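Just so you know, the protein sequences line up as chains A and B, in that order. Heads up: the first sequence runs through residues 20 to 525, numbered per this note's numbering. Heads up: the second sequence runs through residues 6 to 335, numbered per this note's numbering. As structure tokens, the structure follows; a few thoughts come after it.
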Amino acid sequence: MNPDRLLLAARRRLAWRRALYAGETAALWLLLAALGAQAGTLVFPYSAHLEWAFLVVTSGAGIVALGTRLLVRPTAMEAAHWLDRRCALQDRMATYVAVGGAGPSRLLDHFLRDVQRAAAEVRLREAIPLRPARWRAVVALAACVVAWDLAMTGSTLPNTPARRVANTLKQEGRRLQDLAREWEREARWRGWREALWSARNVQQGAGALASPRATLELARRQLSRLAAEVGAARGRLRAQAEGQGAPPGPEGSQVHPWAVRALERELAGLGRVLEEVSLSAEQTERVLRALTRLEATSPLRPESPAHAALREARRKLRAQDRTGAREAVGRAEEAFRELARLLEEEGMLAKHQQEVEASSLSIAQALHGAADPEAAHERPIRYPEMPRNRPGTPGERRDSEAWPWEGPQYGLEPGVGQVPEKIGPPTPRLRAQRRPEELRGQPGEGKVYAGRVRAPAAGGEPRTRAAAVPTRLVRQVDDVLRAQRVPAPYRDWVRHYFAELAGLGP
Amino acid sequence: MDIQEFQSLYHRIRQELGRVVVGHGEVVEGVLLAVFCGGHVLLEGVPGVGKTLLVKALARVLELKFSRIQFTPDLMPADVVGTNVLVQDPEGRRALTFQRGPIFSQIVLADEINRATPKTQSALLEAMQEYAVTVAGVSYPLERPFFVLATQNPIEMEGTYPLPEAQLDRFLFKLRVPFPDTESVVEILERTTGSRVPEAQPVADAQTVLRMQALVREVLAAPHVQAYVARLVEATHPQGPRPARAARRWVRYGASPRGAQALLLAAKARALVHGRAHASVEDVRALALPALRHRLLLNFEADAEGVEADQVVRDVVEEVPEVAAASAGS
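See the structure below:
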């Protein structure tokens, strides 16, 4: 090959080789950086994604290689030196480039012939191989990155932020798992399909949180997914409830399940009256008034199926069709019962959502160093058991005899339950905030909820007699409020209420 | 003369020398390179290793006039260069006539040069550099080619006068003549203790040597080779801009520009010997030791530590990169 052509080809090939070398070097450094980033997860709570690492390594190496190819162009002298060195040409090519094919020496012809002969023997592919020279190191480092991801993900060093977050993740995972198991039992028992599905979802997500390989990002993803799914399920239930006539509100249905249950019970009583063998005109008129009052006081929308059934019951009763009226009342009762079920199920899903958001908040606090990791690990937060209504099968007809509530049910459903320890005459209602007020949740991770308290406190006599509240109950309330992470404005309200009840207020 | 002829002559000279001198391949090559460069050689070795024999054989092979000066403490400069003597012609007229000394030869063997006083050693300076001798204001040119091949004994230092730096710098090479190995000694015994002692035959003459010297100067030396030589010499200077680590530690004063000239010229000669019309970095590296070892002035620390110039030169050669650009992309 002509020395000039050889040099030209060598320059091109050398440029590619340098590009390859630069890319390889970049890959090595980026892989080292990836390993460093993975090692950093032992101390700091962040995630080092394998796929991201390899994407960065590959693209970085490619960019560096391409940039080197485009920007760095070897000179003829560099190519000549390379050939001299790799092919043992003893500086023939470099001298050829330096002399430039012309000179005063008598030996020039001999030299040119010598260079021609040497150039003809050069095998360019062997002289400038385009094989990656350090692929073994690259592969070894890549294998280390993969091995680290497989073996060390989730590992943390003691007394580090990463350990603190990892402990919180495990702790929240276990807590949500416990709660989800309980929710699942309850949902299965009540036959709530959406709640059952949500509980299983939460249990599955909590399992991922509690696993040793859980990372902060995984936890965030899981929790936000859970919150979204539970929110979607709530939305479906809310839509169904609205279809049943429940008025819509910004944060859910504005009608409470206990109000619907109360209507249902009242209707059940009317139904029993309608089943009487003989019904005087006065009794019929009272039933009609009761039905009218019930429709007027019902919080449901007028076009709801329950209201339609009530209207039909009134029409039938006026037409002396007691059987038809009875059937219409039954349909209304069924509609109320279904609505109550929907609202209760939505309430349970709201609880799911609240707990998931509480976990998000707890993890966010751990991330910002709010808790001592070791202490938190040793002293898991115990959430107090919330009092629950007595279980009953859906669709079960419950009459007034079946309502001797046991245990402290006060505060959950107004007007129901009995408190044996309460003594003394009824106390007047305490004065409460009467003006509407904006309340906001505490800022933390996730969405901050805000609400407007519209309803002023009701006047008149309480339906439950008040009793002296022991100081320990006030403290218990404080503990519960603290554990449930109730936003400060709510907490103050509730505490103030109980403190005044106990006579401890200002 | 072309390269083929040069190589042919070189091989024949080596062959003839090989009939007399057993072993010492590197020394023989070094001496011949110095001859082709027109440089002088300082041979250092213990007595009886064939230094004088090599020089005498060389003179015979190249068919050059040979003289030997045995340097002793009482040797005077006039004993080397000659002197004016009063001569009376047959008519009875008296006139001063210059009586040429043994320096007026083509190959001068300065045997045990370090035994003479510095004054006598200095008598060689002009001859070695200017190829002329000046006596009583009259300059007498020396016949070309002219070589001084000096020997010195590195062991017996009592009563010797180490050569001054200026004198040492005039030598192209300083070659160490090692003790021959067992096979070589056996060969020497076989050749020299029999009834027939082999003799070298002349294969060249003075004109041939001069043409060979001229051809050496035609050899191409690329700028990067010259730069490498300069960089090597520069690295031997501890006060220089880029001294080598060894030079910074052990050297008091580095090689002179004359050393760089010697190194490049010798590299050209070596290239021709190897059939090339261009000098390479490899030639320079191969000859750095004989060309530079006697030009370094080591410091007290080196003397105290027993560090020799050879080690320093090796370290310098090791440290100085060939060409910066060549390492890129590896």
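C-beta atoms are modelled at their ideal positions from N, C-alpha and C, and glycine is treated no differently. Given the structure is predicted, the values throughout are model-derived calculations rather than measurements.
Could you give the residue range of the beta strand (DSSP E) that holds residue 116(B)?
-> 112 to 116
Considering only C-alpha positions, which residue in the set 267(A), 285(A) and 324(A) is nearest to residue 306(A)?
-> 285(A)
Cα-Cα separation between residue 118(B) and residue 76(B), rounded to whole angstroms = 5 Å
Residues of its chain near residue 268(B), where Cβ-Cβ distance is below 8 Å and the 5 sequence neighbours each way are ignored | 234, 237, 238, 289, 292, 293, 296 and 297
Name, going along the chain, the residues of the stretch 272 to 304 of chain B whose beta-carbon falls closer than 7 Å to a beta-carbon of chain A.
-> 281, 282, 283, 285, 286 and 287
Between the C-alpha atoms of residue 240(B) and residue 232(B), what's the straight-line distance to the nearest angstrom?
-> 12 Å
For residue 214(A), which option in 89(A), 321(A), 370(A) and 331(A) has the closest C-alpha, if you only look at C-alpha atoms?
-> 370(A)
Expressed to the nearest angstrom, what Euclidean distance is found between the alpha-carbon atoms of residue 206(B) and residue 110(B)?
-> 19 Å
Residue 349(A) by DSSP, collapsed to three states: which one?
-> helix
Report the partner residues of residue 45(B) according to the DSSP bridge assignment.
-> 176(B)
Report the partner residues of residue 45(A) according to the DSSP bridge assignment.
-> Bridge partners of residue 45(A): none, in fact.
Would you call the CB atoms of residue 113(B) and residue 144(B) closer than 8 Å?
-> no
Local conformation of residue 305(B) per DSSP, three classes = helix
Proximity below 8 Å, CB of residue 58(B) to CB of residue 36(B) | no
The beta strand (DSSP E) spanning residue 144(B) covers which residue range?
-> 143 to 146
Is the Cβ of residue 228(B) closer than 8 Å to any Cβ of chain E?
-> Structure shown: chain E not included; protein chains present are A and B.
For the stretch 94 to 128 of chain B, which residues have a CB atom closer than 8 Å to at least one CB atom of chain A, in sequence order?
-> none
List the residues that DSSP assigns as beta-bridge partners of residue 157(B).
-> 49(B)
Among 368(A), 251(A) and 105(A), which one has its Cα closest to the Cα of residue 142(A)?
-> 105(A)
Confirm, please, whether the CB-CB distance from residue 232(A) to residue 173(A) is below 8 Å.
-> yes
Buried or exposed: which applies to residue 175(B), given that a residue is buried once 16 or more other Cβ atoms fall within 10 Å of its Cβ?
-> buried
Among 199(A), 89(A), 176(A) and 42(A), nearest to residue 79(A) - alpha-carbon criterion | 42(A)
Partners in chain A for residue 224(B), counting only beta-carbon separations shorter than 7 Å = 126
Residues of chain B with a CB under 9 Å from the CB of residue 118(A): which are they?
-> 225, 227 and 283
In the DSSP assignment, what are the bridge partners of residue 9(B)?
-> In DSSP, residue 9(B) forms no bridge with anything.
For residue 8(B), go through chain A and note every residue whose CB falls closer than 8 Å to its CB, in chain order.
-> 126 and 129
Exposure of residue 255(B), with buried meaning 16 or more beta-carbon neighbours within 10 Å | buried
Chain B partners of residue 109(A), CB-CB under 7 Å?
-> 281, 285 and 287
When DSSP labels each residue in this structure, what does residue 338(A) get in the three-state scheme?
-> coil
For residue 82(A), the first and last residue of its enclosing alpha helix (DSSP H) | 69 to 90
Can residue 214(B) and residue 46(B) be called in contact, C-beta distance under 8 Å?
-> no
If you draw a straight line from the C-alpha of residue 160(A) to the C-alpha of residue 51(A), how long is it?
-> 7 Å
Going along chain B in order, which residues have a C-beta closer than 7 Å to the C-beta of residue 114(A)?
-> 225, 227 and 283
Using Cβ-Cβ distances below 8 Å, what residues of the stretch 161 to 178 of chain A are close to chain B?
-> none
Is the stretch 14 to 26 of chain B touching the stretch 130 to 142 of chain B in the sense that three or more CB pairs, one from each, lie closer than 8 Å?
-> no
In chain B, what lies closer than 7 Å to residue 23(A) by C-beta?
-> By Cβ distance, chain B contributes nothing, its closest Cβ being about 16 Å from residue 23(A), past 7 Å.
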